[in-house]
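Taking it in order: structure first as structure tokens, then the write-up.
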Amino acid sequence: FRHGINNVHHQTDRHSNTSARRFQQNQNSHHYKDSKLFNIAEFLQSKFSPTFTPNGKTLILKLDVKGYDVPDLSLKLFDNTLSVQGQKCNGKDSTNNNQVYDAQKGFSQSIKLPDGIDTNRIVSHVSQDNYLIIEIPLVRRM
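This is the structure we're talking about:
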């Protein structure tokens, strides 16, 4: 995940090769209201493949990030909308006229999260099979 994002705190698990990030919601985000209401059907059919832990206390989001390393990823949370972006620079490609361009690929995915989540305790990591796993504790049952 990119360094310099103000609302992301990085933690490294010394017992594995995965990285975890703890998020804090932007202090000012509660002043803005998102005009888009939460849509449960859209939420359940998203590319994030939402599920819940067996005890129903944590929302789990899973996103395929094959081809991206942890430093290529960034996550942002604003007004209950979680955005994940990946950008990978594949080196430099030469073209005509001696100009040099960066060969890049990227993606951006967003999901509107339901009410009742604990935005101060969101944690994520990249699994060994290259999925970004985002764990979001619930403050109450949905």
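The sequence shown begins at 242 in the numbering used here and counts up one residue at a time. Beta carbons: idealized from backbone N, C-alpha and C, even for Gly. Quick caveat, the model's predicted, so the values are computed rather than measured.
**Asked** Is it true that the CB of L373 sits closer than 9 angstroms to the CB of V325?
**Response** Translated into the one-based positions of the sequence shown, residue 325 becomes position 84. Translated into the one-based positions of the sequence shown, residue 373 becomes position 132. Cβ atoms of V325 and L373: closer than 9 angstroms.
**Message:** Just to confirm my understanding: we take Q345, look at its own chain, exclude 5 residues before and 5 after, and list those with CB closer than 6 angstroms. What are they?
**Reply:** Translated into the one-based positions of the sequence shown, residue 345 becomes position 104. Closer than 6 angstroms at the Cβ level, and outside the excluded window around Q345, lie C330.
**Item:** Cα-Cα separation, S351 to T322
**Value:** On the sequence shown, position 110 is the one that residue 351 refers to. On the sequence shown, position 81 is the one that residue 322 refers to. Distance between the alpha carbons of S351 and T322: 7 angstroms.
**Asked** Hey, how far is the Cα of F289 from the Cα of E376?
**Response** As a working note, residue 289 is residue 48 in the sequence shown. As a working note, residue 376 is residue 135 in the sequence shown. If you take the alpha carbons of F289 and E376, they lie about 12 angstroms apart.
**Request:** Assign H272 to buried or exposed, taking buried as 16 or more other Cβ atoms, counted over all protein chains shown, within 10 Å of its Cβ.
**Result:** Along the sequence shown, one-based indexing puts residue 272 at 31. In this prediction, H272 has a pLDDT of 36, which is less than 50 and means its spatial position is unreliable; what the coordinates show is noted afterwards. Exposed, since its Cβ has fewer than 16 Cβ neighbours within 10 Å.
**Item:** Distance between D359 and D310 (C-alpha atoms, nearest Å)
**Value:** Translated into the one-based positions of the sequence shown, residue 310 becomes position 69. Translated into the one-based positions of the sequence shown, residue 359 becomes position 118. Approximately 27 angstroms between the Cα atoms of the pair.
**Asked** Can the beta-carbon of L314 be found less than 9 angstroms from the beta-carbon of G327?
**Response** Along the sequence shown, one-based indexing puts residue 314 at 73. Along the sequence shown, one-based indexing puts residue 327 at 86. Result yes, Cβ atoms of L314 and G327 sit closer than 9 angstroms.
**Request:** Compare the Cα-Cα distances from R362 to each of S349, S368, I301, F348 and report the closest residue.
**Result:** Position 121 of the sequence shown, counted from the first residue, corresponds to residue 362. When each option's Cα is compared against that of R362, the closest is I301.
**Prompt:** From what residue to what residue does the beta strand (DSSP E) around F319 run?
**Reply:** Here the question's residue 319 lines up with position 78 in the sequence shown. Unbroken beta strand (DSSP E) run through F319: 314-319.
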